[in-house]
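This report refers to the structure that appears directly beneath it.
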Amino acid sequence: MHTDAHEGGRISVISIAGGTVIRRRFVHIASVCSMLLATCIPGVAHAGGPDCSRPYTLALHDHGLLYSANTDTGIDKDFADELIRRSGCKVGVSLMSRARIWQLIESGALDFSLSGIANPERRRFASFAWYFSNKYYLLVRKDAAMRQLSEFERSENFRLGVIRSFRYSDSANRLVDKLAAANRVTQAGGLDPLYQALMANRIQGMIMEPFDYPVVEEKHIRDVTSIIEFNDPSVPHGLIMSNKALSQSEREKWRALVEEMRADGTVRRIFEKYFSPSLAATMVDFQAEP
83 MHTDAHEGGR ISVISIAGGT VIRRRFVHIA SVCSMLLATC IPGVAHAGGP
133 DCSRPYTLAL HDHGLLYSAN TDTGIDKDFA DELIRRSGCK VGVSLMSRAR
183 IWQLIESGAL DFSLSGIANP ERRRFASFAW YFSNKYYLLV RKDAAMRQLS
233 EFERSENFRL GVIRSFRYSD SANRLVDKLA AANRVTQAGG LDPLYQALMA
283 NRIQGMIMEP FDYPVVEEKH IRDVTSIIEF NDPSVPHGLI MSNKALSQSE
333 REKWRALVEE MRADGTVRRI FEKYFSPSLA ATMVDFQAEP
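For any residue, its number in the numbering used here is found by taking its place in the sequence shown, counting from 1, and adding 82.
Dropping the structure here:
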């Protein structure tokens, strides 16, 4: 056996009876290869990143520009794709109603969902990683002839439509709760049934977000409705994480990925695909508590 050193000392050639073995002396080359594999192969965890030893589950809900089941596109679809790519984990994505999502998040049967807002009840079983914030609006039939929130509350003829299990900003929630107590709220599983009820005058108003603009701008809806803004601050929305399915340390790792996507401009670029730069900025530039 003999050893010949390559010029510069970078590799050693070791001759043995069975042949020749080339041994690289700098272990950082192996480290680089490992990092490349972790980047390219799903299921390989990044150092300090989420634990990818098991597959995860994430549910989207059909809601305007957030996600359209008809086209399989939307803000939350783009966000989920990038989050999954960065995690290196295997994540099964499905479509569910919002009510079902909250039930499964609470039980621990679902790991994640997106664009969720917090309240004291939800914080008992879920944690959040914020990535945008938006205001809420009341879409009202013009022939209801009302412009003030107090008028909607007093009028016995005003009926409000909401998506089942949705919560909104403070003023919007107060209106929903007051009308619900008077049996003047109609619930639906999504936006389309509410638009149909509004056009048929079975409800006189519904709560909307910027993600609903494309449908609201359709002529047959625009001509018979007006938009009233709730005078509330923007409400943070984020990645929903099941406290039962994920340990606190794992939730922090996923939250760090979301913060990374905000910091490097990824979230802004996603929103600018669907909104003007100025409107996108109002939604992604915000400060919120964890």
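Beta carbons are placed, not taken as given, at the ideal position from N, Cα and C, and that holds for glycine.
Residue from Val258, Ser209 and Ala181 with nearest C-alpha to Val340: It is Ser209.
Unbroken stretches of the beta strand (DSSP E), 3 residues or longer, contained in the stretch 227-270: Listed in chain order, they are 242-245 and 267-270.
Any alpha helix (DSSP H) of 4 or more consecutive residues that is wholly inside the stretch 301-355: Fully enclosed alpha helix (DSSP H) runs of 4 or longer: 301-304, 330-345 and 348-354.
Which of helix, strand or coil DSSP assigns to Ile285: Three-state result, Ile285: coil.
Backbone CA spacing between Arg206 and Ala327 [nearest angstrom]: Going from the Cα of Arg206 to the Cα of Ala327 covers about 13 Å.
Of the residues Asn313, Asp154, Val349 and Val297, the one placed nearest Val175, counting alpha carbons only: When the alpha-carbon of Val175 is set against those of Asn313, Asp154, Val349 and Val297, the nearest one is in Asp154.
Delimiting residues of the beta strand (DSSP E) encompassing Tyr219: Counting along the chain, the beta strand (DSSP E) containing Tyr219 begins and ends at Tyr219 to Arg223.
Residue of Ser358, Leu165, Ile303 and Ala226 minimising C-alpha distance to Leu196: For Leu196, the nearest C-alpha among the options comes from Leu165.
Beta-carbon proximity list for Val366, same chain, < 6 Å, skipping 5 on both sides: Once the five neighbours on either side are set aside, the close Cβ partners of Val366 are Phe214, Val349, Arg350 and Phe353.
At least 3 beta-carbon pairs within less than 8 Å: the stretch 158-173 vs the stretch 300-310: Because the criterion of three Cβ pairs below 8 Å is not met, the stretch 158-173 and the stretch 300-310 do not touch.
Assumed close pair Ala254, Phe194 - CB separation to whole angstroms, cut-off 8 Å: That pair is no contact at about 25 Å.
From Asn283, Glu203, Asp314 and Ile199, residue whose alpha carbon lies closest to that of Ala226: Nearest option by C-alpha distance: Asn283.
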